[in-house]
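Q: If you scroll down you'll find the structure; I have some questions about it.
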Amino acid sequence: MSNGDDSANGDADEDAEESAGVELSTDTLDSRLDDAADALEAAETEADLDEIDASLDDIAADIEAADLPEPDEDDEDADDPQAELEDRLSDLREDLADQRGPYAEDVTATVEEAETTLTDTRWTEDGESEAVAAAGDFGGTVAETLDADLSAEADDPEGASETLAAAGEAVADAGLDPDEDAEIIATLLEAAEALATGLEDAEEWDDLTVREQLAAQGFYDVLESENRKDYPAEWNAVKVYEKNRDVEPILTALERFESDFMEENVLDALEHIAPEEAVDAMLERAQKRDKQPVRILGRIGDERACETLHDFLGGGDVSLEKTTLRALGAIGSEDSTQPVANRLDADNPEVRSVAARALGLIGDTRAIDPLADVLAEDDADEVRASAAWALNQIGTDRALDAAAEYADDRSYIVQVEAEKAAGV
Numbered sequence: 010m011s012n013g014d015d016s017a018n019g020d021a022d023e024d025a026e027e028s029a030g031v032e033l034s035t036d037t038l039d040s041r042l043d044d045a046a047d048a049l050e051a052a053e054t055e056a057d058l059d060e061i062d063a064s065l066d067d068i069a070a071d072i073e074a075a076d077l078p079e080p081d082e083d084d085e086d087a088d089d090p091q092a093e094l095e096d097r098l099s100d101l102r103e104d105l106a107d108q109r110g111p112y113a114e115d116v117t118a119t120v121e122e123a124e125t126t127l128t129d130t131r132w133t134e135d136g137e138s139e140a141v142a143a144a145g146d147f148g149g150t151v152a153e154t155l156d157a158d159l160s161a162e163a164d165d166p167e168g169a170s171e172t173l174a175a176a177g178e179a180v181a182d183a184g185l186d187p188d189e190d191a192e193i194i195a196t197l198l199e200a201a202e203a204l205a206t207g208l209e210d211a212e213e214w215d216d217l218t219v220r221e222q223l224a225a226q227g228f229y230d231v232l233e234s235e236n237r238k239d240y241p242a243e244w245n246a247v248k249v250y251e252k253n254r255d256v257e258p259i260l261t262a263l264e265r266f267e268s269d270f271m272e273e274n275v276l277d278a279l280e281h282i283a284p285e286e287a288v289d290a291m292l293e294r295a296q297k298r299d300k301q302p303v304r305i306l307g308r309i310g311d312e313r314a315c316e317t318l319h320d321f322l323g324g325g326d327v328s329l330e331k332t333t334l335r336a337l338g339a340i341g342s343e344d345s346t347q348p349v350a351n352r353l354d355a356d357n358p359e360v361r362s363v364a365a366r367a368l369g370l371i372g373d374t375r376a377i378d379p380l381a382d383v384l385a386e387d388d389a390d391e392v393r394a395s396a397a398w399a400l401n402q403i404g405t406d407r408a409l410d411a412a413a414e415y416a417d418d419r420s421y422i423v424q425v426e427a428e429k430a431a432g433v
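Those letters in the sequence shown? Residues 10 to 433, by this note's numbering.
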């Protein structure tokens, strides 16, 4: 049983066969494809190609409509007439597309891409000259071929891009016909391809190795003749920059060199001089839970680091947590008082001890009562001694009184801190 669509399709198939005037057999369709191939070989104009294109469309419709033999499903090597015809048709369409043109639009498309490449690429000094020269050569060809009045020769990528824009506009406005002006278009297309090749060959910044880039930026200029020979030279350069407290080149080295050796030495330099300019770079590295960037943030003392460091508390990594608590204590922001005080209840006594000392360094009087509770109740004398030390650091009368109560404590280390509070 069929619906209306089936009937319509059937009528279309019949019409296709009737329009052909012959039976749509494999041999007939093959012969028509042969004729199309011969016509394509003889074609000389775009009009010829348009006519062949229409013929291929007709053949495609007839292949679809033809009742061709089906391949034997049980035989993997069986011929499939329809598939073979469609393959031939596809090849002819590709040959037809290859034979078209060239067109002026092919030239302008290449020029537009070159304009973007010129301005968006970071060139080396040599590469910039090469790229600008390539653009100038193309502009010269356009000016000569089309008798166009282009701007004066440019000396930078922006100016060269403007030259290309003017040249592309001249090509577009010339009204070049793909048949009558084929030689002119071919000349311009050849020049456009040479332009693209010239830009591709011009030296970009990313073509340089890290050392070549840094050398171009003067990174190694601080080295004297006696230490320039030492290996690696970048390590010696970092040491000089560290001595001079010149932070920017050190941060550049941290960003550019990927070796563990250089990263370790650069971080050591930053930890030594603790520059505020390194905060963002250290925050980025601290996200990886690396302890040295955390230590550096503590030495820098910038409160912007606190929020990030708070996230490292209570994560189960005792070593990282202790480093973080020390960093927060060194920064000394009262915003950290509560997050640090929460770690007075940590299971690990080392964490509790470092947390107590961090509260002492922060110096917030809100920590007096939690520290007094630790001094009174904690099972570890080391933790209690740290709490007494912290109360001494806070230094208010209430803090000192809370610590002084333990001047006769059974633990010597607690007693020493309590006696300081009592003024003994």
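For glycine and all other residues, C-beta sits at the position ideal for the given N, C-alpha and C.
For clarity, every value in this text was computed on a predicted model and none was experimentally measured.
1. What would DSSP say about residue 55, mapped onto helix, strand or coil?
2. So is residue 271 in contact with chain C if we call contact Cβ pairs under 9 Å?
3. Determine contact between the segment 177 to 191 and the segment 85 to 103, defined as no fewer than three beta-carbon pairs at a distance below 8 Å.
4. Would you call the CB atoms of residue 338 and residue 366 closer than 9 Å?
5. Helix, strand or coil for residue 213? Go by DSSP, reduced to three states.
6. From residue 163 to residue 344, what distance separates their C-alpha atoms?
7. For the alpha helix (DSSP H) that residue 165 lies in, which residues bound it at each end?
8. Roughly how many angstroms separate the alpha carbons of residue 64 and residue 46, rounded to a whole number?
9. Along the chain, where does the alpha helix (DSSP H) that runs through residue 277 open and close?
10. Does the beta-carbon of residue 333 have 16 or more other beta-carbons within 10 angstroms, so that it is buried, or is it exposed?
11. Can the beta-carbon of residue 124 be found closer than 9 Å to that of residue 174?
12. For residue 270, count neighbouring Cβ atoms within 10 angstroms of its own Cβ and tell me buried if that reaches 16, exposed if not.
13. Since residue 297 is in the alpha helix (DSSP H), which residue starts that stretch and which ends it?
14. Based on Cα-Cα distance, which residue from 187, 309 and 86 lies nearest to residue 114?
15. Smallest Cα separation from residue 322: which of 306, 313 and 298?
16. Can you check the segment 47 to 94 for any alpha helix (DSSP H) of at least 4 residues that lies completely inside it and give the ranges in chain order?
17. Compute the distance between the beta-carbons of residue 58 and residue 91, then report whether it is under 9 Å.
18. Sort out for me which residues DSSP pairs residue 132 with in a bridge.
19. By Cβ distance, which residues of its chain are closer than 7 Å to residue 259, with the 5 residues on each side in sequence left out?
20. For the segment 352 to 427, list the alpha helix (DSSP H) runs that are entirely contained and at least 4 residues long, ordered along the chain.
21. Per DSSP, what kind of secondary structure is residue 335 in: helix, strand or coil?
22. Is it the case that the Cβ atoms of residue 430 and residue 401 are separated by a distance below 9 Å?
23. Taking residue 110 as the reference, which of 218, 89 and 53 has the closest Cα?
24. Compare the C-alpha of residue 72 against each of 85, 39, 83 and 374 and name the closest.
25. Buried or exposed, going by whether 16 or more other CB atoms sit within 10 Å of the CB of residue 253?
26. Let's see if you can read the secondary structure: which residues bound the alpha helix (DSSP H) around residue 249?
27. Consult DSSP for residue 432 and reduce its assignment to one of helix, strand or coil.
28. With distances taken from CA atoms, which of 347, 348, 336 and 391 is nearest residue 359?
29. Just to confirm my understanding: we take residue 374, look at its own chain, exclude 5 residues before and 5 after, and list those with CB closer than 8 Å. What are they?
A: Let me spell this out:
1. Within the sequence shown, residue 55 is the residue found at index 46, counting from 1. Residue state, collapsed to three classes: helix.
2. Absent from the structure is chain C; it holds one protein chain and no more.
3. no
4. Numbered from its first residue, the sequence shown carries residue 338 at position 329. Numbered from its first residue, the sequence shown carries residue 366 at position 357. The answer is yes: Cβ separation under 9 Å.
5. By 1-based counting over the sequence shown, the position of residue 213 is 204. Three-state result, residue 213: strand.
6. On the sequence shown, residue 163 is found 154 positions in, with the first residue counted as 1. On the sequence shown, residue 344 is found 335 positions in, with the first residue counted as 1. Going from the Cα of residue 163 to the Cα of residue 344 covers about 57 Å.
7. As a first step, residue 165 must be located in the sequence shown, where it is residue number 156. Here residue 165 belongs to no alpha helix (DSSP H), and DSSP marks it neither H nor E.
8. Translated into the one-based positions of the sequence shown, residue 64 becomes position 55. Translated into the one-based positions of the sequence shown, residue 46 becomes position 37. Each residue's alpha carbon lies about 11 Å from the other.
9. The sequence position of residue 277 within the sequence shown is 268, counting from 1. First-last of the alpha helix (DSSP H) with residue 277: 269 to 282.
10. In the sequence shown, counting from the first residue as 1, residue 333 sits at position 324. So residue 333 counts as buried.
11. Residue mapping note: residue 124 aligns to position 115 of the sequence shown, counting from 1. Residue mapping note: residue 174 aligns to position 165 of the sequence shown, counting from 1. Yes. Within cutoff.
12. Your numbering for residue 270 matches position 261 in the sequence shown. Looking at its Cβ environment, which holds fewer than 16 other Cβ atoms inside 10 Å, residue 270 is exposed.
13. On the sequence shown, residue 297 is found 288 positions in, with the first residue counted as 1. Element bounds for residue 297: n/a, residue is neither H nor E.
14. As a position in the sequence shown, residue 114 is number 105, starting the count at 1. It is 187.
15. Residue 322 sits at position 313 when you count from the first residue of the sequence shown. Closest by alpha carbon: 298.
16. 55 to 74
17. Residue numbering aside, residue 58 sits at position 49 when the sequence shown is read from its first letter. Residue numbering aside, residue 91 sits at position 82 when the sequence shown is read from its first letter. No; because the gap between Cβ atoms is not below 9 Å, this pair is not in contact.
18. Counting from 1 along the sequence shown, the entry for residue 132 is found at position 123. Note: residue 132 sits in a beta bridge opposite 213.
19. Within the sequence shown, numbered from 1, the residue matching residue 259 stands at position 250. 247, 250, 251, 275, 278 and 279.
20. 358 to 371, 377 to 386, 390 to 403 and 406 to 413
21. Counted from its first residue, the sequence shown places residue 335 at position 326. Note: residue 335 maps to helix in three-state DSSP.
22. To locate residue 430, count along the sequence shown from 1; it is residue 421. To locate residue 401, count along the sequence shown from 1; it is residue 392. Yes, Cβ-Cβ distance for residue 430 and residue 401 is below 9 Å.
23. Along the sequence shown, read from residue 1 onward, the residue named residue 110 stands at position 101. Ranking the options by Cα distance to residue 110, first place goes to 53.
24. Translated into the one-based positions of the sequence shown, residue 72 becomes position 63. Nearest of 85, 39, 83 and 374 to residue 72, Cα basis: 39.
25. Numbered from 1 along the sequence shown, position 244 holds the residue referred to as residue 253. Residue 253 should be labelled exposed.
26. Translated into the one-based positions of the sequence shown, residue 249 becomes position 240. Taken as a continuous stretch (DSSP letters only), the alpha helix (DSSP H) holding residue 249 covers 242 to 253.
27. Position 423 of the sequence shown, counted from the start, is the residue given in the question as residue 432. Three-state DSSP puts residue 432 in coil, outside helix and strand.
28. Here residue 359 is taken as the residue at index 350 of the sequence shown, counted from 1. For the residues 347, 348, 336 and 391, the minimum Cα distance to residue 359 belongs to 391.
29. Here residue 374 refers to the residue found at position 365 of the sequence shown. Cβ within range, chain order: 403, 405, 407 and 408.
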